[in-house]
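K.L.:
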Amino acid sequence: MITEIHIGISSLAEKIAEKLSEGYGLMCMYANEKGATERSIRTLLRKDSDIITFFTVIEGDSYGAISPAVPQVRPYEREMHEMSGLIPEGLTEKFGPQRLQWAYKDAYPLQKAPLPEERIFHPMPDNRMEGDGVFEIPVGPVHAGIIEPGHFRFSVAGEPILKVRTHFGYTYRGIEKLMEGRSDSDRTRLIERVSGDTAVANALAYAHAMEGDTEVPERARYLRTIFAELERIYCHFGDISGIAQDTGFSVPAVFGAGIKEKILRLNEIVGGHRFLMGTIVPGGVRRDISDDSLKAIQNRILKISFDIEELVGMMEGSSFLMDRVETTGILSHQDALTYRALGPAARASGVKTDVRKELPYDAYGDVGFRVFTRDKGDVYSRMLVKAGEIVESTSIINQCLDRIRPGPLRAEVTPSEGLGLGIVEAPRGELVHSAEIFNGDIWRYRIRDPSFINWLALERALPGNIVADFPLINKSFNLSYSGNDL
Amino acid sequence: MMSLVVSALQALFLMAIAPLITGLVKKFKAYMQHRRGASIFQPYWDLAKLLRKDETVSESASVLFRAIPFICMATMTLLAFMVPVFYASILAPYGDIITLVYLFTLYRFCMVLGGLEGGSVFGGMGSSREMMMSVLIEPALLLSLMSLCVLSNNGIDISEIPRLLIDMGVAAFCPALLLAAASFAITLVAENARIPFDNPATHLELTMVHEGMLLEYSGRGLAQMEYSSELRLTIFMAMLGSMFFPWGISVTLEPLDLLIGFAAIFAKLVFFAFVLAVLESSISKSRLFKTPNLLTASFVLALLAIISLYIL
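Protein chains in written order, with the numbering used here: chain A, 3 to 488; chain B, 17 to 328.
If you want it as structure tokens, here you go:
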């Protein structure tokens with residue numbers, strides 16, 4: 003249920019604040035270019051299944067800053083500033099680069115005119131903490147392990163962390179711009195590569211954004227649900243074994259990684275790709291899954307709920323490990339609400355949020371499952387929430403396998419005009435794709451990965467912990483760098 | 017004369033098998049993780065590879081940075097000559113317990129300086145953490161060796177300890193020995209940067225202690241530092257095997273006795289490598305600020321060992 007409201011820029015801040023106080027959550031904000039539509043700001047708010055969007059036309063490139071009145075808007079305002087060249091007026095602090103350290107001179111990446119060659123260096127702001135015995139620790143973007151690039155600045159007093167600033171943009175590929183003016187098959191391929199381990203969720207969100215009112219065939223809806231849950235299972239297994247790995251607890255780490263690998267191999271048999279790329283297309287699924295493959299899923303799924311129990315049991319059996327994960331990296335319930343943390347990170351802090359329940363898509367309305375929450379908000383809670391979700395995912399897959407019937411796989415899609423929204427629960431939380439479609443072409447495509455918000459939540463969870471625990475806390479959130487950078 | 021040759025041989029033996037012991041620990045750990053693992057000779061190939069490589073030195077580093085690998089290796093080599101292995105005598109007879117402990121400390125001190133020399137944050141963090149631990153390792157190590165001296169009714173001469181313990185027969189198997197050995201075993205794990213104190217296999221620069229100090233080293237310097245720490249592990253194991261539990265060690269120069277001594281120490285080293293691998297596989301790294309608790313436990317065990325000698 004989408005309600006579109008046109009309001010002026012002067013009352014936007016007030017309206018957003020009003021809706022937030024009514025219990026709505028700010029899903030996304032982005033700017034449109036002039037041309038097919040007006041130069042405007044699109045605001046998306048959601049309360050369970052009720053979606054409100056504000057469409058605000060603005061004159062010129064500047065507007066009165068919203069974030070002083072509504073702090074939640076800040077990351078979006080920063081994004082609009084850098085990517086769409088909108089200048090918020092009345093801010094005391096200048097925005098540092100969010101993605102581009104080498105900015106364009108008098109131009110911005112999403113403009114419709116060709117971009118100039120010339121680049122200017124736009125350094126990260128050096129807002130460090132000062133004081134006796136306070137040190138700066140720069141970490142990254144090149145890390146010692148094989149992980150994505152990201153730069154972290156720690157202000158520490160000895161071991162305890164006082165403040166952390168994250169600097170990203172090293173995997174910026176300009177995906178949002180690349181989405182414009184392309185064929186549907188190109189876009190499907192591109193969107194699956196936004197973030198490697200969120201391929202299904204991204205493809206699904208893209209499909210939903212394109213489908214509009216199209217009725218997706220029943221078999222396709224069930225297959226999509228199975229794929230999405232398989233992705234969630236392998237992601238969560240990777241995360242839990244990663245927690246064991248980062249505490250140096252090698253046996254459960256290898257055990258968990260082994261199960262993840264088995265699921266990836268199952269994916270390859272079932273969908274033809276280890277990360278299930280190329281399975282979901284707007285209108286349905288690309289190809290059918292044979293009964294043998296469905297049987298293979300069923301056999302594997304049977305064992306997984308025992309495997310996760312064994313893995314968590316191994317980890318809980320170690321007092322050393324429990325000592326490390328309990329009370330470490332606490333994201334308070336209040337912070338989770340203030341920053342609107344998403345996905346398992348929010349659920350571990352006692353926020354009961356899950357798009358699959360609130361806004362059921364595909365087959366989620368037909369199956370029963372439980373939303374797992376814990377209230378401590380520490381590394382252990384996040385681990386338990388993920389473990390619980392694996393069990394629920396196996397149950398969802400089983401229910402889908404029971405109900406799935408032969409039938410058509412793909413419906414003809416007529417892209418809707420105007421706003422197309424795709425909101426799905428990715429393994430890391432609510433993923434929003436928003437497309438502005440005019441004459442069947444994409445004018446503006448905005449991807450809001452859950453990591454975009456959860457990185458801020460992570461920054462809040464760190465102060466007070468010691469530097470040596472950062473990798474563990476980071477792993478328990480396990481956020482995507484490329485999803486954030488786009 | 018023959019005694020000197022055998023003593024020298026046993027030090028060379030230690031130096032030769034040091035990488036093998038590390039390779040064994042890694043192999044055992046791999047088996048625990050259901051992996052095939054690299055060959056047990058891999059540490060030798062790694063050292064050979066590093067020796068062939070160029071060295072990169074940070075611009076902020078002074079001459080000390082290049083000198084430290086030599087100092088570290090020299091210290092460890094000297095220490096190899098100071099512990100009995102399969103023959104109850106050593107080539108450096110003037111070395112006593114105090115020298116032994118403080119040579120280890122010298123080694124650690126140099127490594128800490130080397131960590132700071134590179135000018136990188138991780139080296140500095142590793143160094144500061146190492147110093148925090150070393151403050152607690154040092155007294156525990158000293159005290160556990162001291163209790164061994166008191167037990168064997170010996171001065172602080174190292175070479176006499178195995179012989180005296182063997183002469184004591186079953187009487188040597190008293191609570192004091194076991195307590196001291198337990199204390200020493202904890203310092204072995206801590207001093208050699210193994211789990212739960214440090215993770216030798218970690219890739220996380222923010223959690224590193226020992227590896228953090230070596231981050232800036234490359235090529236030959238790294239080979240020297242790596243070899244020194246491999247040798248350190250082997251020396252510690254040899255000390256546990258030939259000083260705390262010397263049974264099997266040869267007290268004469270008879271070829272048969274020497275052969276038995278050789279087989280005994282080799283079996284002990286392999287056994288210790290296995291135990292270390294089991295330990296490292298069955299627990300996770302502890303919280304950094306909880307490591308002092310473990311080290312204090314080690315100190316208390318050593319203290320109890322000494323007290324028990326006087327009250328029992």
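The C-beta atom is built at its ideal place from N, Cα and C for all residues, glycine as well. In this text, all values refer to a predicted model and were calculated from it rather than measured experimentally.
How would you list, in chain order, the residues of chain A whose beta-carbon sits under 7 Å from the beta-carbon of Val137 (chain B)?
P.N.:
By Cβ distance, chain A contributes Ile139, Pro140.
K.L.:
Name, please, each residue of chain B whose Cβ falls closer than 9 Å to the Cβ of Gly147 (chain A).
P.N.:
Those are Thr218, His219, Leu220, Glu221, listed as they occur along chain B.
K.L.:
To the nearest angstrom, how far is it from the Cα of Asp380 (chain A) to the Cα of Leu481 (chain A)?
P.N.:
Cα-Cα distance, rounded: 16 Å.
K.L.:
By how many angstroms is the C-alpha of Asn215 (chain B) removed from the C-alpha of Gly250 (chain A)?
P.N.:
Each residue's alpha carbon lies about 6 Å from the other.
K.L.:
Can you check which of these residues, A:Val357, A:Pro143, A:Arg221, is closest to Ala413 (chain A) by C-alpha distance?
P.N.:
The shortest C-alpha separation from Ala413 (chain A) is found at A:Arg221.
K.L.:
Under the rule that 16 or more other beta-carbon atoms within 10 Å means buried, what is Asn306 (chain B), buried or exposed?
P.N.:
Checking the displayed sequence, the identity of residue 306 (chain B) turns out to be Lys instead of Asn. Classification of Lys306 (chain B): exposed, given that the 10 Å Cβ count is below 16.
K.L.:
Any beta carbon of chain A sitting closer than 8 Å to that of Asn170 (chain B)?
P.N.:
Not an interface residue.
K.L.:
Between A:Asp215, A:Glu213, A:Gly214, A:Thr190, which lies nearest to Ser204 (chain A) when the distance is taken from Cα to Cα?
P.N.:
The sequence as given places Asn at residue 204 (chain A); Ser does not occur at that position. Comparing Cα-Cα distances from Asn204 (chain A) to each of A:Asp215, A:Glu213, A:Gly214, A:Thr190, the minimum goes to A:Thr190.
K.L.:
Chain A partners of Gln49 (chain B), CB-CB under 7 Å?
P.N.:
Within chain A, the residues near Gln49 (chain B) are Ser252, Val253, Val256.
K.L.:
For the region 200 to 219 of chain B, enumerate the residues whose C-beta is nearer than 7 Å to any C-beta of chain A, in chain order.
P.N.:
Correct list: Ile211, Pro212, Asn215, Thr218, His219.
K.L.:
Going by C-alpha distance, which of A:Leu112, A:Glu194, A:Arg326 is nearest Cys304 (chain B)?
P.N.:
It should be pointed out that residue 304 (chain B) corresponds to Leu in this sequence rather than to Cys. Looking at the Cα atoms, A:Arg326 is the closest of the given residues.
K.L.:
Just the chain B side, please: which residues come within less than 8 Å of Arg1 (chain A) by C-beta, in chain order?
P.N.:
The structure shown does not extend to residue 1 (chain A), since chain A is modelled only from 3 to 488, so the question has no answer here.
K.L.:
Using a Cβ-based criterion (distance less than 7 Å to any ligand heavy atom), does Gly142 (chain B) qualify as near the ligand FAD?
P.N.:
This structure simply doesn't include the ligand FAD, nor any ligand for that matter.
K.L.:
Output yes if chain A places a C-beta closer than 8 Å to the C-beta of Lys42 (chain B); else output no.
P.N.:
No, its Cβ sits nowhere closer than 8 Å to a Cβ of chain A.
K.L.:
Can you name, in chain order, every residue of its own chain whose Cβ lies under 6 Å from the Cβ of Val59 (chain A), other than the five neighbours on each side?
P.N.:
Same-chain partners within the cutoff: Glu40, Ser42.
K.L.:
Going by the DSSP bridge assignment, what does Val287 (chain A) pair with across the sheet?
P.N.:
Bridge partners of Val287 (chain A): A:Ile282.
K.L.:
Please report how far the alpha carbon of Val426 (chain A) lies from the alpha carbon of Ser185 (chain A), in whole angstroms.
P.N.:
Using only the alpha carbons, I get a separation of about 23 Å.
K.L.:
Near Leu180 (chain B), which residues of its chain fall below 8 Å by C-beta distance, leaving aside the five closest residues on each side in sequence?
P.N.:
Result list for Leu180 (chain B): Ser168, Asn169, Asn170, in chain order.
K.L.:
In this structure, does DSSP put His238 (chain A) in helix, strand or coil?
P.N.:
It is helical.
K.L.:
Which one of A:Pro162, A:Arg44, A:Lys36, A:Phe156 has the shortest CA to CA distance from Ala115 (chain A)?
P.N.:
Nearest C-alpha to Ala115 (chain A): A:Lys36.
K.L.:
Determine whether the beta carbon atoms of Pro127 (chain A) and Tyr483 (chain A) lie at a separation below 8 Å.
P.N.:
Cβ atoms of Pro127 (chain A) and Tyr483 (chain A): not closer than 8 Å.
K.L.:
Check each residue of the region 322 to 346 of chain A: if its Cβ is closer than 7 Å to any Cβ of chain B, include it; give the result in chain order.
P.N.:
Going along the region 322 to 346 of chain A in chain order, one finds Phe322, Leu323, Asp325, Arg326 with a Cβ nearer than 7 Å to chain B.
K.L.:
Which value, in whole angstroms, describes the spacing of the CA atoms of Val314 (chain A) and Ile177 (chain A)?
P.N.:
C-alpha separation (whole angstroms): 38 Å.
K.L.:
What do you get for Tyr366 (chain A), buried or exposed, if any count of 16 or more other CB atoms within 10 angstroms of its CB means buried?
P.N.:
Under this definition Tyr366 (chain A) is a buried residue.
K.L.:
Would you kindly work out how many angstroms separate the C-alpha atoms of Ala230 (chain A) and Leu206 (chain A), rounded to a whole number?
P.N.:
Each residue's Cα considered, the two are about 8 Å apart.
K.L.:
Suppose you measure from the CA of Met48 (chain B) to the CA of Ile299 (chain B); what does that come to, to the nearest Å?
P.N.:
Approximately 12 Å, taken between the alpha carbons.
K.L.:
Taking 8 Å as the threshold (C-beta atoms), are Gly424 (chain A) and Pro452 (chain A) in contact?
P.N.:
Their beta carbons are not under 8 Å apart, which means Pro452 (chain A) does not touch Gly424 (chain A) by this criterion.
K.L.:
Considering only their Cβ atoms, is the gap separating Asn476 (chain A) from Leu458 (chain A) smaller than 8 Å?
P.N.:
Not in contact: Leu458 (chain A) and Asn476 (chain A) (Cβ atoms no closer than 8 Å).
K.L.:
Let me check understanding here. Comparing Cα to Cα, which of A:Ile139, A:Ile148, A:Leu278 lies closest to Arg155 (chain A)?
P.N.:
Minimum Cα distance to Arg155 (chain A) is reached at A:Ile139.
K.L.:
Measuring straight from C-alpha to C-alpha, what distance separates Gly257 (chain B) and Ile399 (chain A)?
P.N.:
Roughly 56 Å separates the two Cα atoms.
K.L.:
With distance defined between alpha-carbon atoms, name the residue in B:Thr312, B:Gly130, B:Leu67 nearest to Ser76 (chain B).
P.N.:
The shortest C-alpha separation from Ser76 (chain B) is found at B:Gly130.
K.L.:
For Ala321 (chain B) versus Ala196 (chain B), is the C-beta distance shorter than 8 Å?
P.N.:
Result yes, Cβ atoms of Ala321 (chain B) and Ala196 (chain B) sit closer than 8 Å.
K.L.:
Rounded to whole angstroms, what is the Cα-Cα separation between Pro496 (chain A) and Phe322 (chain A)?
P.N.:
Beyond the ends of chain A as shown, which are 3 and 488, falls residue 496 (chain A); an answer cannot be given.
K.L.:
Among residues of its own chain, excluding the 5 on either side of Leu102 (chain A), which ones have a beta-carbon nearer than 8 Å to its beta-carbon?
P.N.:
Result list for Leu102 (chain A): Glu84, Pro111, His124, Gly171, Tyr174, in chain order.
K.L.:
Any Cβ of chain A within less than 8 Å of the Cβ of Ser76 (chain B)?
P.N.:
Cβ-Cβ to chain A under 8 Å: no for Ser76 (chain B).
K.L.:
Pick out whichever of B:Arg52, B:Asn208, B:Cys190 has its Cα sitting closest to the Cα of Val166 (chain B).
P.N.:
Looking at the Cα atoms, B:Cys190 is the closest of the given residues.
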